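Following my numbering, the numbering of the sequence shown begins with 718 at its first residue and continues without gaps. C-beta: ideal position from N, C-alpha, C; glycine also. Every value quoted in this text rests on a predicted model; they were computed, and no experiment measured them. Notes follow the structure.
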Amino acid sequence: RAEVLWDGGHNADALGALGEQLTAWGLDSYTLIFGSRADKLVPQALGPLARLFRGARRILTLPPVGPGVPDAQTLGGWVRNFLSEQHLSIPMQACTSAEQALAAAAADGPATLVVAGSFWMLGPVMARLGDARGAPLVP
């Protein structure tokens with residue numbers, strides 16, 4: 718069974734705090750589901766984002782819902798380019814739905830799953846995971 722850590726991580730300060738907390742807990746080699754609005758990927762966020770990505774054994778991108786968000790291909794391309802610029806060789810997959818991202822994460826086997834980057838992306842993932850009894854929150 719995987720442990721899931723939810724965090725909005727929606728700006729530079731929040732991404733920095735998340736990275737610091739993961740380090741303090743000794744968490745690394747996690748699967749990361751990451752989604753962000755394009756206007757949040759500002760220069761101040763890049764250092765904390767690189768730290769978050771460095772701890773991941775795999776990155777699954779998932780665009781948030783709502784107006785003005787990048788599509789799956791655009792977000793995935795941005796993350797691929799960023800990983801290359803940071804000289805990070807981390808497997809990455811662009812996902813188009815929460816179902817696809819969770820299925821890909823499940824294929825990694827039991828591991829810590831970190832879901833971060835946008836509050837607008839967390840909702841669909843949470844709804845698909847279900848409640849504590851395993852019943853889906855959204856049919």
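Answer yes or no: do residue i and residue j have a C-beta to C-beta separation smaller than 8 angstroms?
{"i": "L800", "j": "I750", "result": "no"}
{"i": "Y747", "j": "R774", "result": "yes"}
{"i": "P780", "j": "G752", "result": "yes"}
{"i": "A734", "j": "G725", "result": "no"}
{"i": "G793", "j": "A821", "result": "no"}
{"i": "Q761", "j": "A729", "result": "yes"}
{"i": "R845", "j": "A823", "result": "no"}
{"i": "H727", "j": "G826", "result": "no"}
Note down, in chain order, each residue of its chain lying with its Cβ closer than 8 angstroms to the Cβ of residue i, except the 5 sequence neighbours on either side.
{"i": "A767", "result": "F799, Q803, L805"}
{"i": "L758", "result": "L766, W795"}
{"i": "G736", "result": "P765, R768, L769, G772"}
Can you tell me whether residue i is buried or exposed, with buried defined as 16 or more other CB within 10 angstroms of its CB?
{"i": "V796", "result": "buried"}
{"i": "V782", "result": "exposed"}
{"i": "L785", "result": "Before going on, a small fix: residue 785 reads as Gly here, not Leu. It counts as exposed."}
{"i": "L839", "result": "buried"}
{"i": "A755", "result": "exposed"}
Take residue i and list the residues in its own chain whose beta-carbon comes closer than 6 angstroms to its own, dropping the five residues that flank it on each side.
{"i": "E720", "result": "T829"}
{"i": "T778", "result": "F751, L792, G793, V796, A811"}
{"i": "V842", "result": "A815, V832"}
Short of 7 angstroms in beta carbon distance, which residues of its chain neighbour residue i, apart from the five on each side in sequence? Order them along the chain.
{"i": "F836", "result": "G725, H727"}
{"i": "T813", "result": "A789"}
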